[in-house]
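Residue numbers (the numbering used here): 17 to 155. Ideal Cβ placement from N, Cα and C applies to all residues, glycine included. Note that the structure is predicted; figures quoted are calculated from it, not measured.
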Amino acid sequence: METETQLHATAGQFTVLLSATPRGARLARLLSTEQLRAWGLPFEAAAHVVAELAANAVTHGRVSGRDFRFTLLATHRVIRIEVTDTRGERVPELRHPGGEEETGRGLQLVDALAARWGVTPGPAPRKTTWAELTVPRVN
Numbered sequence: 017m018e019t020e021t022q023l024h025a026t027a028g029q030f031t032v033l034l035s036a037t038p039r040g041a042r043l044a045r046l047l048s049t050e051q052l053r054a055w056g057l058p059f060e061a062a063a064h065v066v067a068e069l070a071a072n073a074v075t076h077g078r079v080s081g082r083d084f085r086f087t088l089l090a091t092h093r094v095i096r097i098e099v100t101d102t103r104g105e106r107v108p109e110l111r112h113p114g115g116e117e118e119t120g121r122g123l124q125l126v127d128a129l130a131a132r133w134g135v136t137p138g139p140a141p142r143k144t145t146w147a148e149l150t151v152p153r154v155n
């Protein structure tokens, strides 16, 4: 996990509020794929990261009646994914579950696919979990 930086020369930005339900998490993944495709950017790795961050927001960051915010920011070099929920006191941590555990590996996937990721607090009661993926150079 790293500290947050700002993206410069943003090529695209997309933000939507989604219900904090499994359907909302699936919709975040679908919307990310379609938006990145529309921007002409690779979407496979980003879709996996979006799925994990949105699932975490729905599973661990859900407050009944409150939505989560999903944001994509893109430049020609970086795709930034942000998921904001209303459980700021529940900060996600990278875990290393045992072989028998069925959950707890999502952030390992995010850590493997993202160049950087982290959590930005507030304003209370919110937190934003974000990840940045490097866009491969096209020759």
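Could you check which residue in Lys143, Val135, Thr91 has the C-alpha nearest to that of Pro58?
Thr91
Could you tell me whether the region 64 to 80 touches the region 98 to 117, using the rule of 3 or more Cβ pairs below 8 angstroms?
yes
For Pro137, the first and last residue of its enclosing beta strand (DSSP E):
132 to 137
Nearest-angstrom Cβ-Cβ length linking Ser48 and Ala61, presumed shorter than 8 angstroms:
Rounded, the Cβ-Cβ distance is 11 angstroms, inconsistent with contact.
Let me know the secondary structure DSSP gives Val151 once reduced to three states.
coil
Return the CA-CA distance between Glu109 and Ala54, expressed in angstroms with no decimal places.
32 angstroms
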